[in-house]
Amino acid sequence: MTGQPATRTKTYADGQLPVSISEGIGVITFNNPTKLNAISAEMAEGLAAALNDMRDDPEVKVVILTGAGDKAFISGGDISQFEKTRPNAEVASRSAERFRQRQAALADFPKPTIAAIRGYCLGGGLGTALNADIRFASTDAKFGIPAARLGIAYGFEGLNRLVALVGPSRARLILYTGARFNAEEALAFGLIDRLLPPDRLWSETLEIARQIARNAPLAIAAAKITISQILKDAQDRDMGAVREIGRICMDSADFKEGRTAFMEKRPPQFQGR
Ligand code: COA
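Under numbering that gives the first Met the number 0, the very last position in the sequence shown is 272; numbers go up by exactly one each time.
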């Protein structure tokens, strides 16, 4: 169709994780509506596979994660699988390690990621949102980590991210009570970055994603790498990686294009090199 950007689609996890790519934006949808988008082991595996495919896809500049429908982003791990995946500490620890490895594909994804959250965002769903770079939520979003209500020890990585965003006291409050809190509180806690009416969440998330997709990919990679190093303990930082991406940016055709376009008073056309 003329004038319409081409859209590519693919599904993972037997249709429970549809992906679409258009205008430089990859959209991953958690689609398990009968369980309020609870994330099954298959969906967790599909998420890692989808991200690995988009990692090297030059058409993907930014990824949005969202839930199907308006009731949930993700209602947590699929509790109906827990009998199988967590019958005792040994099996549970292997399952948790697999989940951690699959989530690492998101946490370490080299391009910007945004979680667009409507409805329930609980447990491992909140952990997934925490592994995105940025979180936008609608006013009807509900957050919580009900681990203490189920008898689960929430893992190190998830808590590490939570504590970094909301601080140790609020993290304790969230974990000790297992209670749900609303989107206004999430904004006040620093857990989400933007609060929007439900009918504007998607359009505004897309607009921000488009804005990111128009910018210089190497400069964005530099910001992502540098911020992730800042979040590490000083002795674990890879300052060589920070210097290297800085060098690549300064030598890039895009930097030349950026300053030329500014001088010529026209929008830049970045190539990512
Ligand atoms: N895993 C598996 N199934 C889930 C689920 C989950 N995390 N969350 C919801 N579901 C299922 C429910 O079992 C129910 O299935 P059914 O229709 O076959 O009975 C369906 O989704 C709808 O949920 P329901 O509880 O009827 O909706 P609700 O609006 O009354 O409550 C929640 C919504 C999210 C508050 C409630 O479902 C809930 O507490 N879910 C578990 C959340 C949780 O503990 N997550 C952390 C897991 S680590």
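All residues carry an ideal CB built from backbone N, CA and C; glycine is no exception.
Residue burial annotation: GLY14 is exposed, with fewer than 16 other C-beta atoms found within 10 angstroms of its C-beta. Taking 8 angstroms as the cut-off, one finds no heavy atom of the ligand COA near enough to the beta carbon of THR127. The shortest CA-to-CA distance from ALA48 to any of CYS248, LYS60, GLY76 and VAL18 is the one to VAL18. A residue is called buried once 16 or more other Cβ atoms fall within 10 Å of its Cβ, and GLY239, having fewer, is exposed. Under DSSP, no beta-bridge partner is assigned to GLY157.
Listed in chain order, the non-local C-beta contacts of LEU205 below 6 angstroms within the same chain number zero, local neighbours out to five positions each way being set aside. Distance from the CA of MET53 to the CA of ILE173, rounded to the nearest whole angstrom, comes to 33 angstroms. For PRO17, the uninterrupted beta strand (DSSP E) run begins and ends at 16-21, by DSSP.
Spatial neighbours of ASP192 in its own chain (CB-CB distance under 7 angstroms, excluding positions within 5 residues in sequence) are listed in chain order as ILE133, ARG134 and PHE135. Taken through DSSP and simplified to helix, strand or coil, LYS255 comes out as helix. The criterion of a C-beta distance shorter than 9 angstroms is satisfied by ILE229 and ARG236. Of the candidates LEU129, PRO57 and SER137, the residue whose Cα lies closest to the Cα of ALA170 is LEU129.
Per DSSP, ALA221 has no beta bridge partner at all. For the pair GLY257 and SER94, the Cα-to-Cα distance works out to about 46 angstroms. Remark: C-beta atoms of ILE24 and VAL61 approach each other more closely than 9 angstroms.
Judged by DSSP in its simplified three-state form, ALA104 adopts helix. In the three-state DSSP reduction, THR176 falls in the helix class (H, G or I).
One thing to note: GLY76 has its Cβ no nearer than 9 angstroms to the Cβ of ARG117.
Here LYS223 really is in contact with PRO109; their C-beta atoms are around 7 angstroms apart, less than 8 angstroms. In this structure, VAL162 lies away from GLY189, with their beta-carbon atoms at least 9 angstroms apart. When rounded, the separation of the alpha-carbon atoms in TRP201 and ALA115 is 7 angstroms.
Burial check for ARG272: the Cβ neighbour count within 10 Å stays below 16, so the residue is exposed. Apart from sequence neighbours up to five positions away, the residues of its chain that approach CYS248 with a beta-carbon distance below 7 angstroms are LEU217, ALA218, ALA221 and PHE254, ordered along the chain. Rounded to whole angstroms, the separation of the alpha carbons of ILE211 and GLU22 is 11 angstroms. With contacts defined as CB atoms closer than 9 angstroms, ALA106 and SER79 fail to qualify as a contacting pair. Under the 10 Å beta carbon count, ILE226 is surrounded by fewer than 16 other beta carbons and is classified as exposed. For GLY271, the secondary structure class from DSSP, reduced to helix, strand or coil, is coil. Counting only unbroken stretches of 4 or more residues, the alpha helix (DSSP H) elements lying wholly within the segment 45-92 are 81-84, in sequence order.
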